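This report concerns only the one structure given below.
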Amino acid sequence: MKIMSIFGTRPEIIRLSRIFSLLDTNFNHIMVNTSQNYTYELNSVFFDELEIRKPDYDLKIRTGKYGPEVSDIITKSEEVLQKEKPDILLILGDTNSGLAAIPAAHHGIKIAHLESGMRSYDFRMPEEKNRIIIDHLSSLLLPYTTYSRENLIRENIHPGKIYVVGNPIIDVINYFTPKIDSSKIMEKMNLEPNSYFLVTAHRSENVDNPETLEKIFTSLQNIGKRFKKRVIYPIHPRTLSKLKKRKVPNNIELIKPLGFFDFSKLEKNAFCLITDSGTVPEEALYFKRPCVTIRESTERPEYIEEGANILAGLDPKNIEEAVKLITLYKVDRAWNKSLGDGKTALRVANILRGKINRLTY
Ligand code: UDP
131 MKIMSIFGTR PEIIRLSRIF SLLDTNFNHI MVNTSQNYTY ELNSVFFDEL EIRKPDYDLK
191 IRTGKYGPEV SDIITKSEEV LQKEKPDILL ILGDTNSGLA AIPAAHHGIK IAHLESGMRS
251 YDFRMPEEKN RIIIDHLSSL LLPYTTYSRE NLIRENIHPG KIYVVGNPII DVINYFTPKI
311 DSSKIMEKMN LEPNSYFLVT AHRSENVDNP ETLEKIFTSL QNIGKRFKKR VIYPIHPRTL
371 SKLKKRKVPN NIELIKPLGF FDFSKLEKNA FCLITDSGTV PEEALYFKRP CVTIRESTER
431 PEYIEEGANI LAGLDPKNIE EAVKLITLYK VDRAWNKSLG DGKTALRVAN ILRGKINRLT
491 Y
């Protein structure tokens with residue numbers, strides 16, 4: 131019985147790391163890295179840090195333009211799917227690498243989709259279209275939360291195909307807590323707890339548009355001044371490529387993307403996180419740090435309902451006020467209900483073991 135996992139971006143590699151370990155021990159597991167994120171800081175660093183073995187295949191897909199990237203993923207993943215003929219293809223999330231689901235479905239290979247059922251109902255997002263395609267081609271749907279499960283049922287996906295498994299990022303943070311705690315990044319950057327904002331922003335609907343990018347930098351500049359805190363921004367190569375010759379306000383400290391332990395240590399000690407990432411609000415919730423999401427929509431309303439996050443949009447004044455509000459009240463919130471119990475990897479392995487040769491639709 132064979133399981134193939136196909137992945138290629140930073141959040142996929144991080145979230146899948148503990149699941150990979152269980153798949154290697156308990157299944158014939160073929161790992162395929164598309165290298166959709168191909169720089170060391172967004173890909174290989176996590177193999178080194180998170181105890182992930184060398185993948186069996188590296189597809190080295192063409193990246194950049196949508197058409198060539200997606201067609202390369204489909205062509206190259208079809209080749210490896212036909213060669214290896216796995217019983218199940220495991221996909222996490224909504225990246226273009228997940229579109230390997232298309233050739234898999236074409237060849238009758240069953241798909242298990244982890245992180246299924248997330249919906250922002252914002253069709254500007256490439257990820258929203260990918261999620262819908264992958265969910266509807268999958269035989270086994272593994273959402274993180276009951277809210278995501280309900281989204282799937284609303285789209286007429288049979289409830290018998292769905293198991294809520296919790297969020298695998300918790301397994302990863304729990305397992306690596308000693309390494310996160312022993313990171314020396316605070317000393318290296320001369321940072322005190324609560325003395326800085328930590329920023330990430332890279333979503334295409336934000337950074338591909340020069341006006342939105344301008345708003346993000348204006349907000350960061352104003353927030354740094356108003357709250358008299360440093361603004362630390364490990365910048366994604368996608369965003370860096372959009373900056374071109376743009377002058378960055380001098381109170382914003384752009385640094386290279388960090389490894390998982392250093393970045394998590396900074397999250398754990400930040401005054402406030404400002405982000406358009408999907409995973410960072412989850413980690414903020416885990417570390418009980420205030421978080422402002424700089425997006426117009428979210429596929430994770432659970433965190434707003436928990437009181438742990440403000441979905442502030444992109445208006446600089448509103449972002450500033452959102453930071454003020456979320457940091458003002460020291461509430462010991464039980465910010466963890468929607469994250470699961472940190473046993474997601476085991477649950478996924480159990481479900482795959484039970485279903486591996488019994489997926490009929
Ligand atoms: N991350 C990291 N180094 C950084 C920035 C982020 O290791 O410099 C981690 C972060 O802890 C989280 C993941 O990368 O686990 C988030 O990835 P990203 O924001 O690229 O993807 P998204 O979650 O939006 O899909």
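At position 138 of the sequence shown (counting the first as 1) the number is 268 in the numbering used here, and the numbers step up by one without a gap.
Using N, Cα and C, we set each Cβ at its ideal position, and we do this for glycine too.
No experiment lies behind these values; they were computed from the predicted model shown.
Any non-hydrogen atom of the ligand UDP within 8 Å of residue i CB
| i | result |
| --- | --- |
| residue 431 | no |
| residue 273 | no |
| residue 426 | no |
| residue 354 | no |
| residue 361 | no |
| residue 145 | yes |
| residue 484 | no |
| residue 205 | no |
| residue 390 | yes |
| residue 408 | yes |
| residue 247 | no |
| residue 223 | yes |
| residue 371 | no |
| residue 269 | no |
| residue 141 | yes |
| residue 96 | Nothing in the structure corresponds to residue 96, since the chain is present only between 131 and 491. |
| residue 394 | yes |
| residue 192 | no |
| residue 387 | yes |
| residue 254 | no |
| residue 176 | yes |
| residue 261 | no |
| residue 299 | yes |
| residue 367 | no |
| residue 333 | yes |
Where residue i falls, given that 16 or more other Cβ within 10 Å makes a residue buried
| i | result |
| --- | --- |
| residue 455 | exposed |
| residue 94 | Within the shown structure, residues of the chain are numbered from 131 to 491, placing residue 94 beyond reach of any answer. |
| residue 283 | exposed |
| residue 285 | exposed |
| residue 390 | buried |
| residue 393 | buried |
| residue 275 | buried |
| residue 385 | exposed |
| residue 181 | exposed |
| residue 194 | exposed |
Paired residues, beta bridge with residue i - DSSP
| i | result |
| --- | --- |
| residue 244 | 222 and 272 |
| residue 163 | 137 and 188 |
| residue 132 | 158 |
| residue 404 | 329 and 422 |
| residue 262 | BP columns for residue 262 are empty, so no partner. |
| residue 439 | 421 |
| residue 486 | For residue 486, which the question treats as bridged, DSSP gives no partner whatsoever. |
| residue 292 | 271 |
For residue j and residue i, the rounded distance between their alpha carbons
| i | j | result |
| --- | --- | --- |
| residue 369 | residue 331 | 7 Å |
| residue 300 | residue 470 | 8 Å |
| residue 411 | residue 487 | 36 Å |
| residue 406 | residue 440 | 11 Å |
| residue 270 | residue 226 | 19 Å |
| residue 293 | residue 150 | 19 Å |
| residue 502 | residue 415 | Residue 502 cannot be examined here, being either before or after the span of the chain that is shown, 131 to 491. |
| residue 397 | residue 365 | 15 Å |
| residue 345 | residue 204 | 36 Å |
| residue 355 | residue 157 | 53 Å |
| residue 378 | residue 349 | 12 Å |
| residue 278 | residue 367 | 30 Å |
| residue 318 | residue 306 | 20 Å |
| residue 176 | residue 409 | 15 Å |
| residue 480 | residue 245 | 17 Å |
| residue 206 | residue 388 | 30 Å |
| residue 491 | residue 353 | 52 Å |
| residue 304 | residue 478 | 17 Å |
| residue 337 | residue 484 | 43 Å |
| residue 142 | residue 298 | 10 Å |
| residue 208 | residue 426 | 35 Å |
| residue 443 | residue 449 | 7 Å |
| residue 169 | residue 371 | 13 Å |
| residue 296 | residue 473 | 8 Å |
| residue 402 | residue 221 | 32 Å |
| residue 289 | residue 358 | 50 Å |
Inset, instruction - Run through the stretch 327-394 for me and flag every whole alpha helix (DSSP H) of 4 or more residues, listed as ranges in chain order. - result: Runs of alpha helix (DSSP H) with 4 or more residues, each lying fully within the stretch 327-394, are found at 334-337, 340-357 and 367-373, listed in chain order.
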